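> Start counting the sequence shown at 1; every next residue gets the next number (full-length UniProt numbering). Even for Gly, the Cβ is constructed at its ideal location relative to N, Cα and C. Please read all numbers here as calculations on a predicted model, not as lab measurements. Please see the structure below; I have some questions.
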Amino acid sequence: MWQLADELHLSISDISQISGIGTLDLKASKEKKSSVFIPRRKAVLTTIRKLEAKKELGDKN
């Protein structure tokens, strides 16, 4: 998810709007610590699908 978001130059706020995951939860999930927060799997998978679709649309333009 984060790799796609970085490739698309999306902010945490943008990802929050796409995913429905709160900005604080997203910030916590991006931390490089052993006790990292991980949002619900379904929300992450849905977000990845949306970001992949957004990337494909961007590649065609």
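Can you look up Arg41 in the DSSP assignment and give me helix, strand or coil?
Three-state result, Arg41: helix.
> Confirm, please, whether the CB-CB distance from Pro39 to Ile18 is below 8 angstroms.
no
> With a CB to CB cut of under 8 angstroms and the five nearest residues on each side skipped, what residues in its chain are close to Ala28?
Excluding residues up to 5 positions away in sequence, Val36 and Phe37 lie with their Cβ nearer than 8 angstroms to the Cβ of Ala28 in the same chain.
> How should Ala53 be labelled, buried or exposed, when 16 other C-beta atoms within 10 angstroms of its C-beta is the threshold for buried?
exposed
> For Leu10 and Lys55, which I take to be in contact (beta-carbon distance under 8 angstroms), what is that distance rounded to the nearest angstrom?
Contact flag wrong, Cβ pair sits at about 10 angstroms.
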